[in-house]
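Following this note's numbering, the numbering of the sequence shown begins with 1 at its first residue and continues without gaps.
Built from N, CA and C at the ideal position, the CB exists for glycine as well.
Keep in mind that this is a model prediction, so the values were computed, not measured.
Notes for the one structure printed next.
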Amino acid sequence: MRGRIPDEVIDRVREHFDIVDVVGQSVRLKRSGRNFFGLCPFHSERTPSFSVSPEKQIYYCFGCGAGGDVFKFLMETEQLSFVEAVVQLAEEAGVEVPGQEEDVHDPEEARKRKLREVTDLAARVYHHLLMETEHGEAARRYLKERGITPETMVEFQLGYAPDSYHFLRSFLKRRNYDEVLAEEAGLLARRESGRGSGSRFDRFRNRVIFPIHDTQGRVIGFGGRLLGEGQPKYLNSPETALFHKGKFLFNLHRARKAIRSADQAVLFEGYMDVISAWQAGIKNGLANLGTSLTEAQARVIRRNAETAVLCYDSDPAGQNAAERAMEMIREQGCVVKVAQMPPGMDPDDYIRQRGGPAFSGEVIAQALPYVSFKLEVLKEGFDLKDEEGRMRYLTRAVEVIAGLPRAIERDHYLRRLAEEFHLSLDALKQEHRRIASKKKKETDGDKGMGKWNNGYHGGKHMVGRQRRPLAHEEAEKRLLVAMMHDRQVAERVRETVGAGFNVEIYGALAAYLYAYYAEGHPADPGRFIRCLKDDRLLEEASGLVILDAPAEVTEEEVADYIRHILNYPLFKEIELKKEQVRQAERAGDIAKAARLGIELMRLREQVQKEA
């Protein structure tokens, strides 16, 4: 058992779910042969290399090496512990998990559970204050003036934090929650200096509260909009064990179904924009959490939609944020469009004044493709009535077009420029060739200066350049696959090779396999993988198993694999002796070279005998 959960309960939970359904909630999957493929949630990629096997109930990414079972997937994508992943799936499956009340087996896990508990309680308190008390009257009036109905307030669990430094602190204290826990959850802040230095107080005061949820719909943090004058106008929870603002998107848990149905996500700048759009019938809206869009958030959008429409405010700050975000999303392989707002309006204003259908038809549906938006924004920096200004704009426009990856796109936009400015298409193409040639020389120059990519991706997993495996490595891999599918092969390998695997991780997997069969388990690769507790072994075994192995391995093939493994140390020694002979000959030591040559001959004879 792991933690305090009995193995039989873990097995029941695992058997209840199809890993394709669980992974499919986070990654869009398409069947290809016996497996399903999608974009990896653990590293950036444009071509799907993430594979899920319904037969073996495992996943594996051929790009970064991430792999495991349904529990490991939840642990990685939701930042859960093993026990949390089991409990979460058990609740969905209706399977009772005994022994979870105390949580004494893992202090860190118990702490995390307490953080969820106090964060959820705070959300319910804030919501009650908004909806049911006189304290929330000003906040209710503000939301009503913004066009938000009571039903929408309930849907988004909106709340109100009263204008008090100690309301929530006192409330939590009466419920026996300690202040340190509440501070860790981001609900309380600490005075750093002055009178009362070190004391804790309510972080959110006199603010409309917007609960922020994880992908499972659990409250993990808050955004607060100040009522009245003061700064900051918007305040978010700090980073906590639950809340990582660079990883989550506001409203994703609620919008994901609509996003996938439309194959399109609409990215707004603020919480109120998302809420107004939802109320007006636009259900596929998201917002980043008070900071610039991050690569992790862009990957989440790409995993769920083919197209992203950016709908930011029309002011310079909003348009600059849109430019940064569209570059980030486009790098993930998304089709990016930018919705143009009328000057002085934000999406919330537009929806309240003109309604949801007008917003869908006049703003979202008319969103400009990425390049069109870039070219329109570029025009604002030049005086197009002036001949010199036009020439400078056209040069910059062709530079933008030259950066497009597809020839058909480049041709399309060059033709548009030619028509718009009544120019020769040939002249624009010639300018394009000049710019492209210049860029190529600059790129080649960078390569010549030794710039290189080691394949590292700034997440947990590594994406490396793969070298061709050596013969003994390939033999060990193939033999392990055969061992996982056939107990008799594993027994034969145990008797002949034993611990003699040359690759350390393959030797460790073989040792686990010997123990697995010794405990009486059947030949079942998926079940064997689920018994592995070490993450590195789990990922390596997943990569071996997800490859389609032949239905049956012949005796001759098994013998050949074993021979390669056993002979590899001899081959290594032969190579060493050959180098020693060369060194002796270069040094002029003929006697030593002759003696080493005899040893080399014996080693070769030994290999031939065992062949």
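Q. Roughly how many angstroms lie between the CA atoms of Phe167 and Tyr160, to the nearest whole one?
A. Walking along the sequence shown from the start, residue 167 turns up at place 167. Walking along the sequence shown from the start, residue 160 turns up at place 160. One C-alpha to the other measures close to 12 Å.
Q. At which residue ranges does the stretch 180-268 contain complete beta strand (DSSP E) runs of 3 or more residues, listed in the order of the chain?
A. DSSP runs (the beta strand (DSSP E)) wholly in the stretch 180-268: 188-190, 200-202, 207-213, 219-226, 234-236, 264-268.
**Q.** His16 versus Leu532: straight-line alpha-carbon distance, rounded
**A.** Numbered from 1 along the sequence shown, position 16 holds the residue referred to as residue 16. Numbered from 1 along the sequence shown, position 532 holds the residue referred to as residue 532. The straight-line gap from Cα to Cα measures roughly 20 Å.
Q) What did DSSP end up calling Lys429 once you bin it into helix, strand or coil? A) Taking the first residue of the sequence shown as position 1, residue 429 is located at position 429. Helix at Lys429.
**Q.** Closest residue to Arg200 among Leu181, Leu249, Val208 (Cα-Cα distance)
**A.** Counting from one through the sequence shown, the residue named residue 200 turns up at place 200. For the residues Leu181, Leu249, Val208, the minimum Cα distance to Arg200 belongs to Leu181.
**Q.** Lys429 versus Lys440, Leu394, Gly526, residue with shortest Cα-Cα distance
**A.** The count along the sequence shown starts at 1 and reaches residue 429 at position 429. Nearest Cα to Lys429 within the set Lys440, Leu394, Gly526: Leu394.
Q: Quick one: grab the DSSP three-state call for Lys30.
A: Translated into the one-based positions of the sequence shown, residue 30 becomes position 30. Residue state, collapsed to three classes: strand.
**Q.** Strand pairing of Ser51, partner residues [DSSP]
**A.** In the sequence shown, residue 51 corresponds to position 51, counting from 1. Beta-bridge pairing links Ser51 to Phe37, Tyr60.
Q.
Contact between the stretch 240-249 and the stretch 294-313 is defined here as three or more beta-carbon pairs at a separation below 8 Å; is this criterion met?
A. The way I'd put it, the stretch 240-249 does touch the stretch 294-313; three or more beta-carbon pairs between them come closer than 8 Å.
Q. Going by beta carbon distance, what residues of the same chain come within less than 6 Å of Arg595, once the five residues before and after it are set aside?
A. In the sequence shown, counting from the first residue as 1, residue 595 sits at position 595. Taken in chain order, the list of residues that qualify is empty.
(Q) Taking 9 Å as the threshold (C-beta atoms), are Pro211 and Tyr126 in contact? (A) As a working note, residue 126 is residue 126 in the sequence shown. As a working note, residue 211 is residue 211 in the sequence shown. The answer is yes: Cβ separation under 9 Å.
Q: Assign Gln583 to one of two classes, buried (16 or more other C-beta atoms within 10 Å of its C-beta) or exposed (fewer than that).
A: Taking the sequence shown and counting its residues from 1, the one referred to as residue 583 is at position 583. Answer is exposed; the Cβ neighbour count stays below 16.
Q. For Ala321, does the three-state DSSP call read helix, strand or coil?
A. Counting from 1 along the sequence shown, the entry for residue 321 is found at position 321. The DSSP-derived three-state label of Ala321 is helix.
(Q) Quick check on Pro369: does DSSP put it in helix, strand or coil? (A) Along the sequence shown, read from residue 1 onward, the residue named residue 369 stands at position 369. For Pro369, the three-state secondary structure derived from DSSP is strand.
Q.
What residue range does the alpha helix (DSSP H) around Lys620 cover?
A. Outside the shown range of the chain, which is 1 to 611, sits residue 620, and nothing can be said about it.
Q.
Less than 9 Å between the C-beta atoms of Gly344 and Ser314, yes or no?
A. Residue mapping note: residue 344 aligns to position 344 of the sequence shown, counting from 1. Residue mapping note: residue 314 aligns to position 314 of the sequence shown, counting from 1. In terms of Cβ geometry, Gly344 and Ser314 form a close pair [threshold 9 Å].
Q: Would you mind reading off the limits of the beta strand (DSSP E) that contains Lys337?
A: For the purposes of this step, residue 337 is taken as residue 337 along the sequence shown, with counting starting at 1. Residues 335-338.
Q) Distance, Cα to Cα, Ile351 vs Val219? A) Walking along the sequence shown from the start, residue 351 turns up at place 351. Walking along the sequence shown from the start, residue 219 turns up at place 219. Approximately 27 Å between the Cα atoms of the pair.
**Q.** Validate contact between the stretch 27-47 and the stretch 60-71 using beta carbons, cut 8 Å, 3 pairs
**A.** A contact exists between the stretch 27-47 and the stretch 60-71.
Q) For Val497 versus Leu470, is the C-beta distance shorter than 9 Å? A) Taking the first residue of the sequence shown as position 1, residue 497 is located at position 497. Taking the first residue of the sequence shown as position 1, residue 470 is located at position 470. No, they are not a contact pair.
Q. Looking at the unbroken alpha helix (DSSP H) that takes in Tyr517, where does it start and where does it end?
A. Numbered from 1 along the sequence shown, position 517 holds the residue referred to as residue 517. Per DSSP, the continuous alpha helix (DSSP H) segment holding Tyr517 begins and ends at 504-518.
Q | Rounded straight-line distance, which links the Cα of Asn288 to that of Pro357 | A | Sequence index remark: in the sequence shown, residue 357 carries index 357 (1-based). Sequence index remark: in the sequence shown, residue 288 carries index 288 (1-based). One C-alpha to the other measures close to 24 Å.
**Q.** Between the CA atoms of Arg225 and Arg205 - distance to the nearest angstrom
**A.** On the sequence shown, position 205 is the one that residue 205 refers to. On the sequence shown, position 225 is the one that residue 225 refers to. The straight-line gap from Cα to Cα measures roughly 9 Å.
(Q) What does the alpha-carbon distance come out to for the pair Ala418 and Glu387? (A) Your numbering for residue 418 matches position 418 in the sequence shown. Your numbering for residue 387 matches position 387 in the sequence shown. It is roughly 15 Å from the alpha-carbon of Ala418 to the alpha-carbon of Glu387.
**Q.** Buried/exposed call for Ala365, threshold 16 Cβ in 10 Å
**A.** Indexing the sequence shown from 1 puts residue 365 at position 365. It is exposed - the Cβ of Ala365 has fewer than 16 other Cβ atoms within 10 Å.
Q: With DSSP as the reference, label Thr77 as helix, strand or coil.
A: Reading the sequence shown from its first residue, position 77 is the one you call residue 77. Assignment of Thr77 by DSSP, reduced to helix, strand and coil, places it in the helix class.
Q.
Which of the three DSSP states is assigned to Thr149 in this structure?
A. Position 149 of the sequence shown, counted from the first residue, corresponds to residue 149. DSSP places Thr149 in coil when its eight states are reduced to three.
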